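Protein chains in written order, with our numbering: chain X, 1293 to 1406; chain Y, 16 to 129.
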Amino acid sequence: AQSVSQHNHHVILSEAASLELGCNYSYGGTVNLFWYVQYPGQHLQLLLKYFSGDPLVKGIKGFEAEFIKSKFSFNLRKPSVQWSDTAEYFCAVAGGSGTYKYIFGTGTRLKVLA
Amino acid sequence: EPEVTQTPSHQVTQMGQEVILRCVPISNHLYFYWYRQILGQKVEFLVSFYNNEISEKSEIFDDQFSVERPDGSNFTLKIRSTKLEDSAMYFCASSVGGVNSPLHFGNGTRLTVT
C-alpha cells in the first residue's frame, strides 16, 4: 500500500530563511506527486505537481520540489520564505493501477516569523 | 478561476442524526472525491466517484456513509447516523481526469457531532 511520510511536523523560520520540507513515499511504481498548501482558514491549494520529465518542478509563489526516484523523495524548497508563507504543507502521492485516490502525508505546519 | 463550493461551512449535529454535506464540483470535472481531516491529523481519503458510481472507497467509508450526484451538479456525502468520531473537516474535491490531474478542493465543511 502507498504511504507518505513528512518528517517535520512543525517548522519555525525567520523571514528570508531557506526552507526545505521532506517528503518520502513508499510506492515503487509510477507515481504522481503533489504539494498542497493550506493557509489558515482556507482550503487546500495546489503548489506544484510532478508527473514525469524534469525532476525539478517549479510551482507557484517561488516554491520548487525535486523528485529523487532512488530515494523515493519529493522535497519542497523555497530559497527565501516570507511571513505570508505561514501555512500547513501537505505532500501527496497518487498512482498505482486501479486507484484514483491521493494519499496525503501528515502535514508540516510552517510558521514564519516577521 | 472556477472553484469547488461546499455548503454548509459549519454543521453541528447530535449523535445519531443524519447529515448531508453538499458540494458543487467544477463544472467540466469528471472525478469527485470526499476527504476528511480530523483536527490535528492528516487528510484522509474517503471515497472517489466517477461515471455515477463509486470507483474506490476507504475502510472509513462504511455503511453509514453514502454519496450521490443527484442532479448532475451537486455531489453529496451523507452520514446516516453520526458518531462523535465523525467530527472533522470534510473536503470535497474534483478533477478533470483521474490520477494524472490535480485535485481542486473546496473550503470544507466543519462537522461537529455532540
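Using N, Cα and C, we set each Cβ at its ideal position, and we do this for glycine too. On a predicted model such as this, the values are computed, not experimentally measured, just so you know.
Would GLU68 of chain Y count as contacting chain X if we go by Cβ distances under 8 Å? no
Selected residue, minimal CA-CA separation from SER96 of chain Y, among Y:GLY112, Y:CYS107, Y:VAL34: Y:VAL34
Touch check for the region 97 to 107 of chain Y and the region 116 to 129 of chain Y: three-plus C-beta pairs under 8 Å? yes
If you follow the beta strand (DSSP E) that TYR1331 of chain X is part of, which residue opens it and which one closes it? It is not in any beta strand (DSSP E) - TYR1331 of chain X carries neither H nor E in the DSSP assignment.
At a CB-CB cut-off below 9 Å, which residues of chain X make contact with SER109 of chain Y? In chain order: nothing, as chain X lies at least about 12 Å away.
Please compile the residues from chain X whose C-beta is within a distance smaller than 7 Å of the C-beta of TYR46 of chain Y. TYR1392
Kindly list, in the order they appear in chain X, the residues whose Cβ is closer than 8 Å to that of PRO117 of chain Y. PHE1326, LEU1338, LYS1341
By the 10 Å Cβ neighbour count, where 16 or more other Cβ atoms means buried, how is LYS1341 of chain X classified, buried or exposed? buried
Nonlocal neighbours in the same chain, by C-beta distance under 7 Å from PHE76 of chain Y, ignoring five residues either side: LEU61, VAL62
Mind pulling the chain Y residues with CB within less than 9 Å of PHE1382 of chain X? LYS57, VAL58
Measuring only between beta-carbons, confirm whether GLU74 of chain Y sits less than 8 Å from chain X. no
Which partner residues does LYS1370 of chain X have in the DSSP bridge list? X:LEU1311
Do SER1297 of chain X and ILE1395 of chain X have their C-beta atoms closer together than 8 Å? no
Quick check on LEU45 of chain Y: does DSSP put it in helix, strand or coil? coil
Using only the alpha-carbon positions, how far apart do THR9 of chain Y and SER109 of chain Y sit? The question about residue 9 of chain Y has no answer, for chain Y in this structure spans 16 to 129.
Any C-beta of chain Y under 8 Å from that of SER1399 of chain X: It is Gly, not Ser, that sits at residue 1399 of chain X in the sequence shown. GLY1399 of chain X counts as touching chain Y.
Does the beta carbon of SER42 of chain Y come closer than 8 Å to any beta carbon on chain X? no
Take TYR1392 of chain X as the anchor and find which of Y:ILE94, Y:PHE80, Y:GLU59, Y:TYR48 has the nearest alpha-carbon. Y:TYR48
So, is ALA1386 of chain X buried or exposed, given that buried needs 16 or more other C-beta atoms within 10 angstroms? buried
What residues of chain X sit near ASN122 of chain Y, judged by a beta carbon separation below 9 Å? GLY1333, GLN1334, HIS1335
Nearest neighbour of LYS1397 of chain X, chosen from X:LYS1403, X:ALA1384, X:VAL1404 [CA to CA]: A quick correction: the sequence has Gly, not Lys, at residue 1397 of chain X. Looking at the Cα atoms, X:ALA1384 is the closest of the given residues.
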